[in-house]
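*Asks:*
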Amino acid sequence: MNSNTEDELLRKLSEDMRKLDTVFDETVPSDAAFMRLIAETNMRRKRRERRESLLFVILSFILVAACLAGLGYIPVLYVALQTLIPAAALVVAAAARIRQRREDAEH
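Mapping the sequence shown onto the numbering used here, position 54 (from 1) lands on 148, and the numbers just tick up by one.
1. When you compare only the Cα positions, how much space is there between A159 and L175?
2. Could you give the first and the last residue of the continuous alpha helix (DSSP H) run that contains T121?
3. For the ligand MN, I want to know if A181 counts as a neighbour, meaning its beta carbon is within less than 7 angstroms of at least one of the ligand's heavy atoms.
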């Protein structure tokens with residue numbers, strides 16, 4: 095019984111392979127065609143690698159420039175915070191005092 099199923103499976107596989115052979119072209123390209131295909135593939139790969147390398151270098155320069163620019167602005171930011179925080183505290187204190195005076199005047 096097992097032999098029959100194997101034979102049937104082998105027959106079906108052989109028939110399907112024949113169908114595939116009729117659908118797909120079995121011609122083998124010449125050596126020149128293969129060499130041309132390899133050369134084109136290598137050219138595309140080199141072009142893609144060159145483009146990726148160029149993008150990497152450009153992005154690296156942009157990131158380094160952004161970091162250096164940020165480092166240049168850190169002292170400015172520090173000084174701005176040193177002046178803005180006390181100024182904001184004075185404004186809040188003045189507003190609280192004005193509010194307290196109004197409440198005292200109402201009572």
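Backbone N, C-alpha and C define an ideal beta-carbon position, used for all residues, glycine too.
*Replies:* Taking the structure as given:
1. Residue 159 sits at position 65 when you count from the first residue of the sequence shown. Residue 175 sits at position 81 when you count from the first residue of the sequence shown. When rounded, the separation of the alpha-carbon atoms in A159 and L175 is 24 angstroms.
2. Translated into the one-based positions of the sequence shown, residue 121 becomes position 27. Note, T121: premise wrong, no alpha helix (DSSP H); not H, not E.
3. What this structure holds is no ligand at all, so the ligand MN is not there to describe.
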